[in-house]
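Undergrad: In this note's numbering, the protein residues as written are 8 to 325. The structure's right below; bear with me while I get my questions together.
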(Lines of atoms letter the chains of each structure in order from A and count residues from 1; the text may use other names and numbers.)
(Lines give C-alpha, C1' and ligand atoms only; values in the text may rest on other atoms or scores of the structure.)
Protein backbone atom coordinates (compact mmCIF):
# COMPACT_ATOMS: atom_id res chain seq x y z
CA UNK A 1 0.00 0.00 0.00
CA UNK A 2 2.81 2.42 0.84
CA UNK A 3 4.39 1.62 -2.54
CA UNK A 4 1.08 2.32 -4.30
CA UNK A 5 0.67 5.64 -2.43
CA UNK A 6 4.22 6.63 -3.33
CA UNK A 7 3.48 5.82 -6.98
CA UNK A 8 0.28 7.89 -6.92
CA UNK A 9 2.21 10.74 -5.31
CA UNK A 10 4.79 10.57 -8.10
CA UNK A 11 2.02 10.54 -10.73
CA UNK A 12 0.41 13.59 -9.10
CA UNK A 13 3.77 15.41 -9.07
CA UNK A 14 4.31 14.60 -12.77
CA UNK A 15 0.77 15.79 -13.55
CA UNK A 16 1.48 19.10 -11.79
CA UNK A 17 4.69 19.58 -13.79
CA UNK A 18 2.86 18.72 -17.01
CA UNK A 19 0.08 21.20 -16.19
CA UNK A 20 2.65 23.90 -15.46
CA UNK A 21 4.39 23.11 -18.75
CA UNK A 22 1.10 23.41 -20.64
CA UNK A 23 0.51 26.80 -19.02
CA UNK A 24 4.04 27.87 -19.96
CA UNK A 25 3.58 26.73 -23.55
CA UNK A 26 0.22 28.50 -23.82
CA UNK A 27 1.68 31.72 -22.40
CA UNK A 28 4.77 31.63 -24.61
CA UNK A 29 2.68 30.73 -27.67
CA UNK A 30 0.36 33.70 -27.05
CA UNK A 31 3.32 36.04 -26.63
CA UNK A 32 5.14 34.68 -29.66
CA UNK A 33 1.98 34.77 -31.78
CA UNK A 34 1.30 38.40 -30.84
CA UNK A 35 4.84 39.31 -31.93
CA UNK A 36 4.11 37.86 -35.36
CA UNK A 37 0.69 39.55 -35.66
CA UNK A 38 1.78 41.93 -38.43
CA UNK A 39 2.90 39.13 -40.72
CA UNK A 40 -0.22 37.12 -39.84
CA UNK A 41 -2.42 39.98 -41.07
CA UNK A 42 -0.43 40.12 -44.31
CA UNK A 43 -0.84 36.36 -44.71
CA UNK A 44 -4.61 36.72 -44.35
CA UNK A 45 -4.62 39.55 -46.91
CA UNK A 46 -2.54 37.65 -49.46
CA UNK A 47 -4.45 34.35 -49.51
CA UNK A 48 -7.99 35.30 -50.76
CA UNK A 49 -6.65 36.28 -54.18
CA UNK A 50 -5.68 32.66 -54.83
CA UNK A 51 -9.34 31.52 -54.72
CA UNK A 52 -10.74 34.58 -56.53
CA UNK A 53 -12.52 33.60 -59.74
CA UNK A 54 -13.29 29.94 -58.96
CA UNK A 55 -16.82 28.61 -58.73
CA UNK A 56 -18.26 28.54 -55.22
CA UNK A 57 -18.10 24.76 -54.76
CA UNK A 58 -14.30 24.77 -55.26
CA UNK A 59 -13.48 27.62 -52.85
CA UNK A 60 -13.41 25.67 -49.57
CA UNK A 61 -11.56 22.64 -51.06
CA UNK A 62 -8.88 25.02 -52.39
CA UNK A 63 -8.54 26.74 -49.02
CA UNK A 64 -8.27 23.33 -47.32
CA UNK A 65 -5.47 22.32 -49.73
CA UNK A 66 -3.62 25.55 -48.96
CA UNK A 67 -4.22 25.06 -45.22
CA UNK A 68 -2.69 21.57 -45.32
CA UNK A 69 0.27 22.95 -47.28
CA UNK A 70 0.68 25.74 -44.73
CA UNK A 71 0.70 23.27 -41.83
CA UNK A 72 3.26 21.13 -43.65
CA UNK A 73 5.38 24.25 -44.22
CA UNK A 74 5.29 25.26 -40.55
CA UNK A 75 5.37 21.96 -38.68
CA UNK A 76 7.29 19.55 -40.93
CA UNK A 77 9.79 21.89 -42.62
CA UNK A 78 10.16 25.20 -40.81
CA UNK A 79 9.86 24.11 -37.16
CA UNK A 80 12.81 21.66 -37.18
CA UNK A 81 14.75 23.91 -39.56
CA UNK A 82 14.28 26.93 -37.28
CA UNK A 83 15.43 24.97 -34.22
CA UNK A 84 18.46 23.55 -36.04
CA UNK A 85 19.52 26.92 -37.42
CA UNK A 86 18.96 28.59 -34.07
CA UNK A 87 21.15 25.98 -32.37
CA UNK A 88 23.94 25.48 -34.92
CA UNK A 89 23.90 28.27 -37.52
CA UNK A 90 22.03 31.36 -36.25
CA UNK A 91 24.05 33.49 -38.70
CA UNK A 92 22.21 31.79 -41.60
CA UNK A 93 18.71 32.85 -40.53
CA UNK A 94 18.93 36.43 -41.82
CA UNK A 95 20.32 35.60 -45.30
CA UNK A 96 17.72 32.86 -45.78
CA UNK A 97 14.91 35.21 -44.78
CA UNK A 98 16.30 37.80 -47.20
CA UNK A 99 16.15 35.28 -50.04
CA UNK A 100 12.50 34.67 -49.17
CA UNK A 101 11.89 38.42 -49.01
CA UNK A 102 13.42 38.82 -52.47
CA UNK A 103 11.01 36.17 -53.77
CA UNK A 104 8.03 38.10 -52.35
CA UNK A 105 9.34 41.32 -53.96
CA UNK A 106 9.66 39.54 -57.31
CA UNK A 107 6.15 38.05 -57.05
CA UNK A 108 4.55 41.37 -56.18
CA UNK A 109 6.54 43.44 -58.68
CA UNK A 110 5.73 41.02 -61.49
CA UNK A 111 2.01 41.51 -60.86
CA UNK A 112 2.44 45.31 -60.69
CA UNK A 113 4.44 45.30 -63.95
CA UNK A 114 1.80 43.16 -65.66
CA UNK A 115 -0.94 45.51 -64.45
CA UNK A 116 0.83 48.70 -65.58
CA UNK A 117 2.35 47.34 -68.79
CA UNK A 118 0.23 44.46 -70.07
CA UNK A 119 1.91 42.42 -72.83
CA UNK A 120 5.11 44.49 -72.49
CA UNK A 121 7.27 41.49 -71.61
CA UNK A 122 6.52 38.04 -73.07
CA UNK A 123 8.51 36.36 -70.30
CA UNK A 124 6.31 37.95 -67.64
CA UNK A 125 3.19 37.04 -69.62
CA UNK A 126 4.33 33.43 -69.84
CA UNK A 127 5.13 33.40 -66.13
CA UNK A 128 1.69 34.69 -65.14
CA UNK A 129 -0.22 32.62 -67.70
CA UNK A 130 -2.15 29.85 -65.93
CA UNK A 131 -1.97 27.70 -69.06
CA UNK A 132 -4.43 24.83 -69.25
CA UNK A 133 -7.62 25.84 -67.37
CA UNK A 134 -7.81 22.29 -66.00
CA UNK A 135 -4.55 22.92 -64.16
CA UNK A 136 -5.46 26.42 -62.95
CA UNK A 137 -6.53 25.22 -59.50
CA UNK A 138 -3.34 23.21 -59.03
CA UNK A 139 -1.22 26.19 -60.13
CA UNK A 140 -3.03 28.56 -57.75
CA UNK A 141 -2.60 26.17 -54.82
CA UNK A 142 1.12 25.74 -55.56
CA UNK A 143 1.57 29.50 -55.78
CA UNK A 144 -0.30 30.08 -52.51
CA UNK A 145 1.75 27.45 -50.67
CA UNK A 146 5.02 28.95 -51.95
CA UNK A 147 4.00 32.41 -50.76
CA UNK A 148 2.78 30.96 -47.47
CA UNK A 149 6.19 29.31 -46.99
CA UNK A 150 7.95 32.70 -47.00
CA UNK A 151 5.40 34.33 -44.71
CA UNK A 152 5.40 31.28 -42.42
CA UNK A 153 9.21 31.40 -42.22
CA UNK A 154 8.95 35.01 -41.05
CA UNK A 155 6.23 34.10 -38.53
CA UNK A 156 8.16 31.14 -37.10
CA UNK A 157 11.39 33.16 -36.88
CA UNK A 158 9.66 36.01 -35.03
CA UNK A 159 7.93 33.51 -32.76
CA UNK A 160 11.18 31.67 -31.96
CA UNK A 161 12.90 34.95 -31.12
CA UNK A 162 10.08 35.76 -28.67
CA UNK A 163 10.40 32.43 -26.79
CA UNK A 164 12.68 32.59 -23.71
CA UNK A 165 15.68 30.28 -23.96
CA UNK A 166 15.11 26.87 -22.42
CA UNK A 167 14.45 23.25 -23.32
CA UNK A 168 14.47 22.52 -27.04
CA UNK A 169 11.31 20.44 -26.54
CA UNK A 170 9.54 23.39 -24.93
CA UNK A 171 10.60 25.61 -27.84
CA UNK A 172 9.40 22.99 -30.34
CA UNK A 173 6.04 22.57 -28.61
CA UNK A 174 5.53 26.33 -28.39
CA UNK A 175 6.37 26.78 -32.08
CA UNK A 176 3.96 23.96 -32.96
CA UNK A 177 1.18 25.63 -30.96
CA UNK A 178 1.92 28.98 -32.65
CA UNK A 179 2.04 27.39 -36.10
CA UNK A 180 -1.23 25.48 -35.75
CA UNK A 181 -3.01 28.37 -34.03
CA UNK A 182 -1.98 30.96 -36.59
CA UNK A 183 -2.81 28.66 -39.52
CA UNK A 184 -6.28 27.96 -38.12
CA UNK A 185 -6.91 31.66 -37.50
CA UNK A 186 -5.65 32.83 -40.91
CA UNK A 187 -7.34 30.24 -43.09
CA UNK A 188 -10.48 30.18 -40.97
CA UNK A 189 -10.79 33.94 -41.59
CA UNK A 190 -10.03 33.45 -45.30
CA UNK A 191 -12.71 30.74 -45.58
CA UNK A 192 -15.23 33.07 -43.94
CA UNK A 193 -14.31 35.91 -46.29
CA UNK A 194 -14.58 33.90 -49.51
CA UNK A 195 -17.91 32.33 -48.46
CA UNK A 196 -19.45 35.61 -47.32
CA UNK A 197 -21.29 36.05 -50.62
CA UNK A 198 -22.92 32.62 -50.20
CA UNK A 199 -23.89 33.59 -46.65
CA UNK A 200 -25.38 36.80 -48.05
CA UNK A 201 -27.35 34.84 -50.64
CA UNK A 202 -28.74 32.58 -47.92
CA UNK A 203 -29.67 35.55 -45.72
CA UNK A 204 -31.32 37.39 -48.63
CA UNK A 205 -33.44 34.33 -49.43
CA UNK A 206 -34.37 33.34 -45.86
CA UNK A 207 -34.52 36.61 -43.90
CA UNK A 208 -37.96 37.48 -42.54
CA UNK A 209 -37.46 41.25 -42.52
CA UNK A 210 -36.69 43.75 -45.25
CA UNK A 211 -33.59 44.89 -43.37
CA UNK A 212 -32.28 41.31 -43.23
CA UNK A 213 -32.93 40.76 -46.95
CA UNK A 214 -31.25 44.07 -47.80
CA UNK A 215 -28.25 43.09 -45.66
CA UNK A 216 -27.93 39.76 -47.49
CA UNK A 217 -28.23 41.45 -50.88
CA UNK A 218 -25.59 43.97 -49.85
CA UNK A 219 -23.19 41.16 -48.97
CA UNK A 220 -23.74 39.47 -52.34
CA UNK A 221 -23.15 42.70 -54.26
CA UNK A 222 -20.27 43.91 -52.11
CA UNK A 223 -18.13 40.76 -51.87
CA UNK A 224 -16.75 40.85 -55.45
CA UNK A 225 -15.48 44.39 -54.79
CA UNK A 226 -14.05 43.32 -51.43
CA UNK A 227 -12.29 40.34 -53.05
CA UNK A 228 -10.80 42.59 -55.72
CA UNK A 229 -9.63 44.98 -52.98
CA UNK A 230 -8.11 42.10 -50.98
CA UNK A 231 -6.31 40.90 -54.09
CA UNK A 232 -4.70 44.33 -54.46
CA UNK A 233 -3.93 44.51 -50.74
CA UNK A 234 -2.37 41.06 -50.95
CA UNK A 235 0.02 42.19 -53.67
CA UNK A 236 0.92 45.30 -51.66
CA UNK A 237 1.47 43.11 -48.59
CA UNK A 238 3.91 40.95 -50.54
CA UNK A 239 5.91 44.03 -51.51
CA UNK A 240 5.80 45.57 -48.04
CA UNK A 241 6.77 42.39 -46.18
CA UNK A 242 9.40 41.45 -48.77
CA UNK A 243 10.93 44.93 -48.73
CA UNK A 244 10.84 45.08 -44.91
CA UNK A 245 12.59 41.69 -44.63
CA UNK A 246 15.39 42.81 -46.98
CA UNK A 247 15.84 46.18 -45.26
CA UNK A 248 15.91 44.62 -41.80
CA UNK A 249 18.36 42.02 -43.07
CA UNK A 250 20.69 44.73 -44.35
CA UNK A 251 20.53 46.37 -40.91
CA UNK A 252 21.36 43.10 -39.13
CA UNK A 253 24.25 42.43 -41.53
CA UNK A 254 25.79 45.83 -40.85
CA UNK A 255 24.41 47.95 -43.74
CA UNK A 256 21.79 50.05 -41.92
CA UNK A 257 21.69 53.08 -44.25
CA UNK A 258 18.30 52.48 -45.91
CA UNK A 259 16.73 50.94 -42.81
CA UNK A 260 17.79 53.91 -40.66
CA UNK A 261 16.68 56.44 -43.28
CA UNK A 262 13.15 54.99 -43.37
CA UNK A 263 13.07 54.80 -39.58
CA UNK A 264 14.06 58.48 -39.29
CA UNK A 265 11.39 59.57 -41.81
CA UNK A 266 8.78 57.57 -39.88
CA UNK A 267 9.86 59.16 -36.58
CA UNK A 268 9.67 62.64 -38.14
CA UNK A 269 6.09 61.95 -39.28
CA UNK A 270 5.11 60.71 -35.79
CA UNK A 271 6.57 63.83 -34.14
CA UNK A 272 4.92 66.15 -36.68
CA UNK A 273 1.49 64.50 -36.32
CA UNK A 274 1.35 64.47 -32.49
CA UNK A 275 -2.16 63.09 -32.34
CA UNK A 276 -4.07 59.85 -31.76
CA UNK A 277 -3.18 58.65 -35.26
CA UNK A 278 0.53 59.55 -35.06
CA UNK A 279 1.60 55.94 -34.48
CA UNK A 280 -0.53 54.68 -37.35
CA UNK A 281 0.85 57.35 -39.70
CA UNK A 282 4.39 56.36 -38.70
CA UNK A 283 3.61 52.72 -39.46
CA UNK A 284 1.98 53.70 -42.77
CA UNK A 285 5.08 55.66 -43.85
CA UNK A 286 7.34 52.75 -42.93
CA UNK A 287 5.14 50.29 -44.81
CA UNK A 288 4.87 52.55 -47.88
CA UNK A 289 8.62 53.17 -48.11
CA UNK A 290 9.37 49.48 -47.53
CA UNK A 291 6.85 48.65 -50.27
CA UNK A 292 8.44 51.11 -52.70
CA UNK A 293 11.81 49.52 -52.00
CA UNK A 294 10.17 46.12 -52.58
CA UNK A 295 8.79 47.26 -55.96
CA UNK A 296 12.16 48.63 -57.07
CA UNK A 297 14.01 45.48 -56.03
CA UNK A 298 11.33 43.24 -57.55
CA UNK A 299 11.48 45.05 -60.90
CA UNK A 300 15.25 44.55 -60.94
CA UNK A 301 14.75 40.85 -60.17
CA UNK A 302 12.19 40.22 -62.95
CA UNK A 303 14.74 39.79 -65.79
CA UNK A 304 17.03 37.77 -63.51
CA UNK A 305 14.21 35.43 -62.46
CA UNK A 306 12.47 35.03 -65.84
CA UNK A 307 15.51 34.93 -68.14
CA UNK A 308 18.21 33.36 -65.97
CA UNK A 309 16.85 31.42 -62.99
CA UNK A 310 13.70 29.96 -64.60
CA UNK A 311 15.51 28.64 -67.74
CA UNK A 312 18.27 27.31 -65.47
CA UNK A 313 15.70 25.09 -63.74
CA UNK A 314 14.08 24.24 -67.03
CA UNK A 315 10.72 25.94 -66.52
CA UNK A 316 9.17 29.25 -67.33
CA UNK A 317 7.48 29.94 -64.00
CA UNK A 318 8.18 30.29 -60.30
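C-beta: ideal position from N, C-alpha, C; glycine also.
Compute the Euclidean distance between the alpha carbons of residue 90 and residue 182, then round it to the nearest angstrom.
TA: 9 Å
Undergrad: Would you mind sorting residue 98 into buried or exposed? The rule is 16 or more other CB atoms within 10 Å of its CB.
TA: exposed
Undergrad: Please report the Cβ distance between residue 187 and residue 85, rounded to the nearest whole angstrom; I am assuming they are in contact, meaning their Cβ atoms lie under 8 Å.
TA: About 13 Å; that fails the 8 Å criterion.
Undergrad: To the nearest angstrom, how far is it from the Cα of residue 124 to the Cα of residue 291?
TA: 27 Å
Undergrad: Give the secondary structure of residue 262 by DSSP, where H, G and I count as helix, E and B as strand, and everything else as coil.
TA: coil
Undergrad: Looking only at its chain, what residues have a beta carbon closer than 7 Å to the beta carbon of residue 160, apart from the 5 residues adjacent to it on each side?
TA: Around residue 160: 85, 104 and 107.
Undergrad: On the three-state DSSP scale, how would you describe residue 278?
TA: Three-state DSSP puts residue 278 in a helix.
Undergrad: Could you say if the region 227-244 and the region 202-216 meet the contact criterion of at least three C-beta pairs nearer than 8 Å?
TA: For the pair of segments examined, the region 227-244 was found to touch the region 202-216: the number of CB pairs separated by less than 8 Å reaches three.
Undergrad: When you compare only the Cα positions, how much space is there between residue 286 and residue 295?
TA: 14 Å
Undergrad: Determine whether the beta carbon atoms of residue 120 and residue 306 lie at a separation below 8 Å.
TA: Contact flag set, yes.
Undergrad: Between residue 113 and residue 309, which are expected to be in contact by the criterion C-beta below 8 Å, what is the C-beta distance as a whole number of angstroms?
TA: At roughly 7 Å, the Cβ-Cβ gap stays under 8 Å, so residue 113 and residue 309 are in contact.
Undergrad: Quick check on the burial criterion: 16 or more other C-beta atoms within 10 angstroms. Buried or exposed for residue 244?
TA: buried
Undergrad: Excluding five sequence neighbours on each side, which residues of the same chain lie with their C-beta closer than 7 Å to the C-beta of residue 179?
TA: 86 and 90
Undergrad: Could you tell me which of 260, 282, 289 and 280 sits nearest to residue 272, measuring between CA atoms?
TA: 289
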